[in-house]
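Q: Here it is: the structure, laid out below.
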Ligand code: NAP
Ligand code: ZN
Ligand code: ZN
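Residue numbers (the numbering used here): 152 to 505.
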């Protein structure tokens with residue numbers, strides 16, 4: 152075992168504080184990674200505060216990890232010390248069920264091992280995530296970061312990137328389609344970039360009129376302030392596909408009504424409270440309501456390579472780790488442009504007195 156420095160929540164109502172944990176020594180297939188940057192996903196906040204009622208404490212969040220390989224196990228073939236690598240939302244799965252065989256490890260029938268707050272098959276405890284200075288991960292779940300990408304700005308690709316890339320690909324978003332993105336936060340800003348890069352006509356729905364200018368720069372052709380009933384009415388039945396990234400309760404019927412016949416609204420946001428659906432919103436126009444969960448390892452690498460080829464990264468605010476609680480408060484106010492990323496070099500010295 153090897154000591155690692157981290158930040159953890161010890162209860163749903165307490166702030167994150169410095170925390171010392173142990174990482175396993177690399178097994179033959181393992182890679183030990185020194186973490187350079189870790190993005191701050193709204194899921195980290197939901198889980199640190201037990202909003203999904205499934206958190207074990209202490210909880211070390213973080214699943215948008217970029218770092219350098221520090222050590223490899225004897226059987227590792229894909230990576231060597233010094234390589235720039237990344238880890239996203241999963242660190243293991245059964246590898247043999249139909250979903251794993253299809254490269255959809257996020258739907259592993261035995262449950263994927265998530266990067267944090269998931270039963271750890273090695274330690275017997277729970278997994279600890281990327282708000283830490285190192286992590287040990289099986290090479291099958293380690294990604295390669297294209298060389299020309301800025302590493303801090305690439306970190307959120309590992310969740311915000313793949314979670315929006317995957318449904319836009321699955322529902323074949325492209326030229327000739329009118330696509331709506333709901334919410335301009337971490338996921339939403341990447342959805343704008345990808346939908347624009349895939350050639351669709353892109354409309355952002357936002358509760359924040361002040362984000363309009365940024366939205367255009369990020370790839371939106373049109374911005375609709377969702378609180379404006381008349382502006383919403385003008386969009387009725389005009390969309391082929393809508394991706395909903397909102398983290399809090401809101402009326403999805405208002406968006407279902409914007410779909411054309413046979414259009415699809417896909418949820419990626421996970422408000423802890425349910426989202427009531429009015430049957431007529433779906434029945435009229437034979438509309439479809441769907442969901443999507445991150446993406447498999449193969450598709451995550453495909454997304455990273457696409458970003459490398461097209462020079463796509465995230466718009467970030469780099470913060471020292473001691474500002475994580477303030478960052479959570481700003482996330483709740485939809486006040487981030489457009490993803491916080493923790494500079495893990497700031498973790499040194501934080502454990503004094505712990
Ligand atoms: P975020 O950065 O906080 O963005 C959420 C955005 O939702 C806000 O910026 C805001 O956009 C909008 N919003 C917030 N409160 C709202 C309200 N009351 N009514 C309407 N709109 C509101 O969060 P994120 O990191 O992008 O994550 C978004 C959600 O996706 C979270 O629930 C997260 O857990 C989930 N998630 C799911 C997956 C998956 O695999 N399915 C993966 C990652 C995250 P505007 O200011 O533009 O209105
Ligand atoms: Zn996430
Ligand atoms: Zn499986």
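Even glycine gets a Cβ: it sits at the ideal position worked out from N, Cα and C.
Let me confirm a value: residue 399 is counted as buried when at least 16 other C-beta atoms fall within 10 Å, else exposed. Which label applies?
A: exposed
Q: Taking C-beta to C-beta, are residue 424 and residue 254 nearer than 8 angstroms?
A: no
Q: Whole angstroms are fine: how far does the CA of residue 299 sit from the CA of residue 290?
A: The alpha-carbon atoms of residue 290 and residue 299 are separated by roughly 22 angstroms.
Q: Would you list the residues sitting across from residue 158 in a DSSP beta bridge?
A: 169
Q: Taking only three categories from DSSP, how would you classify residue 198?
A: helix
Q: Around the Cβ of residue 484, are there at least 16 other Cβ atoms within 10 angstroms (buried) or fewer (exposed)?
A: exposed
Q: Taking all protein chains shown into account, decide if residue 452 is buried (16 or more other Cβ within 10 angstroms of its Cβ) or exposed.
A: buried
Q: Does the distance from the C-beta atom of residue 184 to that of residue 227 stay below 8 angstroms?
A: no
Q: Residue 355 to residue 334, Cα distance in whole Å?
A: 7 angstroms
Q: What alpha helix (DSSP H) runs, 4 residues minimum, are completely inside the stretch 338-426?
A: 363-369, 380-384 and 404-407
Q: As an exercise, report each continuous alpha helix (DSSP H) stretch of at least 4 residues that is fully enclosed by the stretch 245-271, in chain order.
A: 249-252
Q: Check for me: the alpha helix (DSSP H) holding residue 206 runs from which residue to which?
A: Looking at the DSSP string, residue 206 is not in any alpha helix (DSSP H), and its letter there is neither H nor E.
Q: What does the alpha-carbon distance come out to for the pair residue 196 and residue 479?
A: 6 angstroms
Q: Once you ignore the five residues that flank residue 436 on each side, which residues in its own chain have a CB closer than 8 angstroms to its CB?
A: 388, 410, 411, 412, 413 and 414
Q: Does the beta-carbon of residue 434 have 16 or more other beta-carbons within 10 angstroms, so that it is buried, or is it exposed?
A: exposed
Q: For residue 240, verify whether its CB is less than 7 angstroms away from any heavy atom of ligand 3.
A: Judged by the Cβ position, residue 240 fails to qualify as a neighbour of ligand 3 at the 7 angstroms threshold, every heavy atom of the ligand being at least this far.
Q: Opposite residue 235 in the DSSP bridges: which residues?
A: 219
Q: With a threshold of 16 other CB atoms inside 10 Å of the CB of residue 173, please say whether the residue is buried or exposed.
A: The residue in question, residue 173, is exposed, as its Cβ has fewer than 16 Cβ neighbours within 10 Å.
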